[in-house]
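J.: The structure's right below; bear with me while I get my questions together.
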DNA sequence: TGAACACATGAACAGATGCTCATAAGTTGG
DNA sequence: CCAACTTATGAGCATCTGTTCATGTGTTCA
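Protein chains in written order, with the numbering used here: chain A, 719 to 838; chain B, 719 to 838.
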């Protein structure tokens, strides 16, 4: 009842301008986009969007070596995008941030649109 | 044919799953995120979000060499994210895709938010 | 205890990336 | 045409990145 998301009005562009002049915020944003800019990482994150998964499950999804998955998971962990918990021999990963799911959805929708100029 | 929004949730995740299995769409999405993952390119795109700008104007915003700006603009042009038109000696760039603006906004908002582990 | 399984990590390497320098190309006014 | 201005481009280079290989760590079960 206090703060609902109302994404309309011109106070938004005011806030936007503030964020754009904050280099730390901008850099932080680029880091998020960077996490999503790699094919393997994108597959990992989008797979986790469907629900938590072990490393070996992610390996099947991404079709790369277990080592490659682990390295990328480490990067995602370090950036706070995923969290890990042990379950016996396995380690279960899940998304740490709902924001990532939102970005994936938006990115996918836009990538799927025919408006894309593509090559001629 | 009027039952469009019965269960938007299910429909959405269905469509989402379809997109996620399409490697071309996924790759296309990663390319968009890649464009936003660099500090200079992010500055260019967010500056253009405020309105069209010439190369020299963008140079001031980004505080790097004119050559660096041009190189990045070429990349963004090749990926269809910006368009260019001549105006006398200058070349005016503008965003070719409003999707980019959406992503920038979402990314900035999320980057600016304090870490909130639990929600709902 | 030890073998098998699941995951993490360090080193190393090929390829990608983003910058600068130098210079070319396009435009306008003299 | 030429000079000044604006932008584009190619080469070179240092750095970053994502992968594989080999090995280390941690867990389960016989």
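By construction, the Cβ of each residue, glycine as well, lies at the ideal position given by its N, Cα and C atoms.
1) State the DSSP-derived secondary structure class of residue 792(B), mapped to helix, strand or coil.
2) Exposed or buried, which one is residue 827(B) when buried takes at least 16 other CB atoms within 10 Å?
3) Can you tell me whether residue 774(B) is buried or exposed, with buried defined as 16 or more other CB within 10 angstroms of its CB?
4) Name the chain A residues whose beta carbon is nearer than 7 Å to that of residue 764(B)?
5) Leaving out five residues before and five after residue 802(A) in sequence, what residues of the same chain have Cβ atoms less than 6 Å from its Cβ?
6) Might you give, ordered along the chain, the residues of its own chain that have their beta carbon closer than 7 Å to the beta carbon of residue 761(B), omitting 5 neighbours on each side?
7) Who does residue 810(B) pair with in a DSSP beta bridge?
8) Please list the partners that residue 669(B) has in chain A, where partner means a Cβ-to-Cβ separation under 7 Å.
9) At which residues does the alpha helix (DSSP H) containing residue 754(A) begin and terminate?
10) Please list, in chain order, the chain B residues whose beta carbon lies closer than 7 Å to that of residue 745(A).
11) Measuring only the C-alpha atoms, how far is residue 772(A) from residue 788(B)?
12) If you compare alpha carbons, which of 769(B), 806(B), 749(B), 759(B) is closest to residue 786(B)?
13) For residue 790(A), count the other beta carbons within 10 Å of its own beta carbon; 16 or more makes it buried, fewer makes it exposed. Which is it?
14) Kindly list, in the order they appear in chain A, the residues whose Cβ is closer than 9 Å to that of residue 769(B).
15) Alpha helix (DSSP H) containing residue 733(A): first to last residue?
16) Would the beta-carbon of residue 751(A) fall within 8 Å of that of residue 755(B)?
17) Quick one, which of 757(B), 744(B), 766(B), 739(B) has its alpha-carbon nearest residue 757(A)'s?
18) Kindly indicate which three-state DSSP category residue 742(A) falls into: helix, strand or coil?
19) How about residue 818(B) and residue 799(B): do their beta carbons lie closer than 8 Å?
20) Give the range of the alpha helix (DSSP H) segment to which residue 782(A) is assigned.
T.: This is what the structure gives:
1) helix
2) buried
3) exposed
4) 738
5) 809, 811
6) Hits under 7 Å: 779, 780.
7) 772(B), 803(B)
8) Lying before the first or after the last residue shown, residue 669(B) is absent from chain B, which here runs from 719 to 838.
9) No alpha helix (DSSP H) contains residue 754(A), which DSSP labels as neither H nor E.
10) The contacting residues are 757.
11) 44 Å
12) 759(B)
13) Residue 790(A) comes out buried.
14) Simply none; closest approach about 11 Å.
15) Annotation: the continuous alpha helix (DSSP H) that includes residue 733(A) extends over 729 to 738.
16) yes
17) 744(B)
18) helix
19) yes
20) Unbroken run through residue 782(A): none, as it is neither H nor E.
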